[in-house]
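**Student:**
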Amino acid sequence: MRTRSTNPARFAMLLLLLTGCAGGEQDFKETGAYKGVQAAMAAQEAAWDRGDVRGFMAAYAEDACFITAKERTCGREEVTRRYLRSYPDQAAMGDLRFGIGEVLAVGADHAWCTGTWTLVRRADTLSGGFSLLWRKGPDGWLVLRDHTY
């Protein structure tokens, strides 16, 4: 009868591969990209809940684009005007909450974030999802592309 011995190097490699695949959620939450994006989004929620559209938009890059199923709006000031038309007052803005699904680093200075949003207003509750491309620069993490649905 032939017995098979375990090769310690193979076992170590297999263990390394398996542990690298486990715990992905905890791993991405420990990254600088996650922490920076999460902090920026928390500041956005706070600004929105105060009725401060311009404060909310401070997290957008000058060359940001906001993309929905119906239109594409580029430039922070143009996107701000779009928000001001859609949400003219505090009652229309309601209470905003983001649910971050994941933040994936894309190189040293970009991150891709997916998640959900919920807007609770006196008359109704709206919700949907988003995919955000963030860019890290001298002013911190800023939204470069916002795909909201």
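For the sequence shown, the residue numbers in the working numbering are 17 to 165. Just so you know, even glycine gets a beta-carbon here, dropped at the ideal spot from N, CA and C.
From W128, G71 and T89, pick the residue whose C-alpha is nearest to that of W118; which is it?
**Tutor:** Trp is not the amino acid found at residue 118; the sequence shown has Glu there. Taking only the C-alpha atoms, the option nearest E118 is W128.
**Student:** Kindly provide the ranges of any beta strand (DSSP E) runs that are 3 or more residues long and lie completely inside the segment 78 to 106, ordered along the chain.
**Tutor:** The segment 78 to 106 contains these whole beta strand (DSSP E) runs: 88 to 90.
**Student:** Can you name the start and end residues of the alpha helix (DSSP H) that A58 belongs to?
**Tutor:** Taken as a continuous stretch (DSSP letters only), the alpha helix (DSSP H) holding A58 covers G48 to D65.
**Student:** Can you tell which of A74, E93, E78 and Y99 has the C-alpha that lies nearest to the C-alpha of T84?
**Tutor:** T84 has its Cα closest to that of Y99, out of A74, E93, E78 and Y99.
**Student:** Quick one: grab the DSSP three-state call for G153.
**Tutor:** Correct three-state label for G153: strand.
**Student:** Can you check whether the CB of F146 is closer than 8 angstroms to the CB of G156?
**Tutor:** No, they are not a contact pair.
**Student:** In chain order, what residues of the same chain lie with their CB nearer than 7 angstroms to the CB of H163, ignoring the 5 residues before and after it?
**Tutor:** Closer than 7 angstroms at Cβ, skipping near neighbours: I83, F146 and S147.
**Student:** So is G153 buried or exposed if we call it buried at 16+ other beta carbons inside 10 Å?
**Tutor:** Classification for G153: exposed.
**Student:** Could you have a look at V69 and say whether DSSP puts it in helix, strand or coil?
**Tutor:** Residue state, collapsed to three classes: helix.
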